[in-house]
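Before any comments, here is the structure.
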Amino acid sequence: MLHKTRGIVFKTTDYGESSVIVQIFTEKFGLQSYIINGVKKPRAKLSRNMLQPLHLLDLVVYHKNTGQVQRISELRNSPVLQSIPYDVIKSSIVLFLNEVLYKAVRQQSADENLFDFVFNAIEWLDNQTEGVTNFHLLFLSRLTRYLGFHPDQAINADYFDMKNGVFSKYKPEGFSYLSPPHTQNFYSLLQCSFEHIDQLKFSNDERRYLVQKLLEYYALHIEGFGNIHSHEILEEVLS
Numbered sequence: 108m109l110h111k112t113r114g115i116v117f118k119t120t121d122y123g124e125s126s127v128i129v130q131i132f133t134e135k136f137g138l139q140s141y142i143i144n145g146v147k148k149p150r151a152k153l154s155r156n157m158l159q160p161l162h163l164l165d166l167v168v169y170h171k172n173t174g175q176v177q178r179i180s181e182l183r184n185s186p187v188l189q190s191i192p193y194d195v196i197k198s199s200i201v202l203f204l205n206e207v208l209y210k211a212v213r214q215q216s217a218d219e220n221l222f223d224f225v226f227n228a229i230e231w232l233d234n235q236t237e238g239v240t241n242f243h244l245l246f247l248s249r250l251t252r253y254l255g256f257h258p259d260q261a262i263n264a265d266y267f268d269m270k271n272g273v274f275s276k277y278k279p280e281g282f283s284y285l286s287p288p289h290t291q292n293f294y295s296l297l298q299c300s301f302e303h304i305d306q307l308k309f310s311n312d313e314r315r316y317l318v319q320k321l322l323e324y325y326a327l328h329i330e331g332f333g334n335i336h337s338h339e340i341l342e343e344v345l346s
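Counting from 1, position 183 in the sequence shown corresponds to residue 290 in this note's numbering; the numbering is continuous, with no gaps.
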């Protein structure tokens, strides 16, 4: 049976001489793998450029509840990204967030709230003309709400206990925590919206530290999350 759904490209892998398998986070079916034949041929109907990380799609797909590789009947970029592919800062942000999402989002079932958040955030980033250097920090902090480990937001706390996901007046045991001034910086992220992102004023060192701690926070709460490497490239671009 054919189904219409929106999608977000997560990963494209070569398959044979002319085909690819693309993992797409779909609005209707969650994360699915699709085989596209002939995409690498010179006169292919579908271009591999349409399948770049976090490109946004309208799809008509065949779907079977077998967990196996599915097939696509129709595919188009919608909306077509206007700035992300050509802006080095935005494209570096997207590559980093794509790596995080690929490791964090694994469900093969619909999660429309999570899908809408990611889809709308990428579309918002594409439309911005300035003030995007903290976008990845705000995205990661807000994404925790949809992944199930959004922090408790107590006020007047000096520390953030990353293991338990709570703010505290007292220093937690172990090493997985934030202390001043990073606690306040993290709290400001949690209070911020994309529309007010220009209110976030972080130095390069503060931004770098927050990225490292956010990734540590993700690793504590997502089994098998592992290491992320693309943030190192992003940090060079932003510095």
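We put the CB at the ideal spot given by N, CA and C, even for glycine.
Closest to residue i by C-alpha separation, out of the options, would be which residue?
{"i": "Phe203", "options": "Ser346, His336, Leu345, Glu343", "result": "His336"}
{"i": "Lys135", "options": "Gln291, Ile329, Glu237, Tyr169", "result": "Tyr169"}
{"i": "Glu302", "options": "Ala228, Leu345, Leu138", "result": "Ala228"}
{"i": "Gly174", "options": "Ser154, Phe246, Lys147, Gln139", "result": "Gln139"}
{"i": "His162", "options": "Ala151, Gly137, Leu182", "result": "Leu182"}
{"i": "Ile142", "options": "Tyr316, His338, Arg178, Glu230", "result": "Arg178"}
{"i": "Val212", "options": "Arg315, Asp305, Thr133", "result": "Thr133"}
{"i": "Glu124", "options": "Leu297, Phe222, Lys148, Tyr209", "result": "Lys148"}
{"i": "Gly331", "options": "Leu322, Phe274, Gly137", "result": "Leu322"}
{"i": "Asn311", "options": "Leu221, Asn156, Cys299, His338", "result": "His338"}
{"i": "Asn263", "options": "Gly145, Phe274, Phe256", "result": "Phe274"}
Once DSSP output is grouped into helix, strand and coil, what is the label at residue i?
{"i": "Val273", "result": "strand"}
{"i": "Lys111", "result": "strand"}
{"i": "Phe332", "result": "coil"}
{"i": "Phe282", "result": "coil"}
{"i": "Glu124", "result": "coil"}
{"i": "Gln175", "result": "coil"}
{"i": "Ser180", "result": "strand"}
{"i": "Asp312", "result": "helix"}
{"i": "Leu307", "result": "coil"}
{"i": "Phe301", "result": "helix"}
{"i": "Lys135", "result": "coil"}
{"i": "Lys148", "result": "coil"}
{"i": "Gln319", "result": "helix"}
{"i": "Gln260", "result": "coil"}
{"i": "Gln130", "result": "strand"}
{"i": "Ser140", "result": "strand"}
Can you have a look at residue i and say buried or exposed, based on whether 16 or more other CB atoms are within 10 angstroms of its CB?
{"i": "Gln130", "result": "buried"}
{"i": "Glu280", "result": "exposed"}
{"i": "Phe226", "result": "buried"}
{"i": "Leu109", "result": "exposed"}
{"i": "Arg314", "result": "buried"}
{"i": "Thr236", "result": "exposed"}
{"i": "Val207", "result": "buried"}
{"i": "Ser346", "result": "exposed"}
{"i": "Tyr193", "result": "exposed"}
{"i": "Asn241", "result": "buried"}
{"i": "Asn205", "result": "buried"}
Which same chain residues, not among the five before or five after residue i, have their C-beta less than 6 Å away from its C-beta?
{"i": "Leu341", "result": "Ser199, Phe203"}
{"i": "Phe224", "result": "Tyr253"}
{"i": "Ile329", "result": "Ala211"}
{"i": "Pro258", "result": "Gly272"}
{"i": "Met157", "result": "Asn184"}
{"i": "Gly145", "result": "Ser125, Ala151"}
Between residue i and the rest of its own chain, which residues show a CB-CB distance below 7 Å, the 5 nearest in sequence each way excluded?
{"i": "Ile191", "result": "Lys197, Ser198, Val201, Leu232, Asp233"}
{"i": "Ser283", "result": "Met269, Lys270, Glu323, Leu327"}
Can you name, in chain order, every residue of its own chain whose Cβ lies under 8 Å from the Cβ of residue i, other than the five neighbours on each side?
{"i": "Pro186", "result": "Leu163, Glu230, Asp233"}
{"i": "Leu317", "result": "Leu244, His289, Asn292, Phe293, Leu296, Phe309"}
{"i": "Arg150", "result": "none"}
{"i": "Ser216", "result": "Phe136, Gly137"}
Going by the C-beta, is residue i closer than 7 Å to any heavy atom of the ligand FAD?
{"i": "Val344", "result": "Summarising the ligand content, the structure contains no ligands, and the ligand FAD is consequently not present."}
Taking only runs of the alpha helix (DSSP H) that begin and end inside the stretch 195-257, which ones reach a length of at least 4 residues, in chain order? 195-211, 219-234, 242-254
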